[in-house]
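Student: Per my numbering, residue 49 is the first one in the sequence shown, and the count goes up by one each step.
Glycine included, every Cβ here is placed at the ideal spot set by N, Cα and C.
Sending over a structure as C-alpha cells; questions will come in a sec.
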Amino acid sequence: MNNESFALPSIALLQQHFFGKPNNGIYTTDFPAVPLRPFNYTGTPPNNTLVSNGTKTVVIPYNTKVQVILQDTSILGAESHPLHLHGFNFFVVGQGFGNFNASSDAPKFNLIDPVERNTVAVPSGGWVAIRFLADNPGVWLMHCHFDVHLSWGLRMAWIVEDGKLPNQKLPPPPKDLPKC
C-alpha cells in the first residue's frame, strides 16, 4: 500500500506498542499518506515502482475521522482486491473505475446512507473510498484477503491512540504476560 510492502516484525505490534517505543527496529510511524511515486495506476505500469519493505504504521489520535482511498493498480495486472480492516466497520462512501480524482469523484460521495462493512472489494482497475471513526484504541491491521497478496505484503497497520477517558483506553496486558 502506497508503495510500501509490509514486513512482519520480530515482535508482535501490539506487544511492542505496550512494552516499547517505535523507531527501534520493530516498527516505525512514518507510513506515507500518499504513494511516494505516483503513476498512472490503471495504465501501463512503470518499469520500477520502487516498492520498499518495512513495518511502517499510521498513528491516529483517538476519535479521528479517517478517509482512505483504496486504488487498484495494474502493476501485475488489474485485479479486484478484497480488503479487510480489523477493529472497525467503515462506510463505503464512493467507488469507481480508473484513477481516483479528488476534484471530480469526491463530490459524488454518498454521505447520506453509505453501506457499512469491514471488508470491501476494490474493483479491478478502480478505486473505493471508505470512512471510519478511529474510536477503538489499539493496533489494527488492514490487509488483502488473497493469501498470496498477504504474503507479498499487501497489508498495513493502524495504531489508534488512547482517548482521555477510562473507557477510551486499551487495557494494559496482564502483569504476568511473558514477552516474546
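(1) Could you pull the start and end residues of the beta strand (DSSP E) that residue 65 belongs to?
(2) Using only alpha-carbon positions, find the residue among 136, 150, 191, 221 that is nearest to residue 113.
(3) Are residue 185 and residue 156 close, meaning C-beta to C-beta below 8 Å?
(4) Under three-state DSSP, which class holds residue 215?
(5) Are there 16 or more other CB atoms within 10 angstroms of the CB of residue 79, so buried, or fewer, so exposed?
(6) Which term fits residue 121, buried or exposed, when burial requires 16 or more other beta carbons within 10 angstroms of its beta carbon?
(7) For residue 77 versus residue 173, is the C-beta distance shorter than 8 Å?
(8) Along the chain, where does the alpha helix (DSSP H) that runs through residue 151 open and close?
(9) Closest to residue 58 by C-alpha separation, out of 88, 103, 92, would be which residue?
Tutor: Quick answer:
(1) Within the sequence shown, numbered from 1, the residue matching residue 65 stands at position 17. From DSSP, residue 65 is part of no beta strand (DSSP E) but of the alpha helix (DSSP H) over 61-67.
(2) In the sequence shown, residue 113 corresponds to position 65, counting from 1. Of the listed residues, the one whose Cα sits closest to residue 113 is 136.
(3) Position 137 of the sequence shown holds residue 185. Position 108 of the sequence shown holds residue 156. No, the Cβ-Cβ distance between residue 185 and residue 156 is not below 8 Å.
(4) Taking the first residue of the sequence shown as 1, we reach residue 215 at position 167. Of the three classes helix, strand and coil, the one that applies to residue 215 here is helix, per DSSP.
(5) Residue numbering aside, residue 79 sits at position 31 when the sequence shown is read from its first letter. By the 10 Å Cβ count, residue 79 comes out buried.
(6) Taking the sequence shown and counting its residues from 1, the one referred to as residue 121 is at position 73. Result: buried.
(7) Within the sequence shown, numbered from 1, the residue matching residue 77 stands at position 29. Within the sequence shown, numbered from 1, the residue matching residue 173 stands at position 125. Result no, Cβ atoms of residue 77 and residue 173 do not sit closer than 8 Å.
(8) For the purposes of this step, residue 151 is taken as residue 103 along the sequence shown, with counting starting at 1. Residue 151 -> alpha helix (DSSP H) spans 150-153.
(9) Sequence index remark: in the sequence shown, residue 58 carries index 10 (1-based). Closest by alpha carbon: 103.
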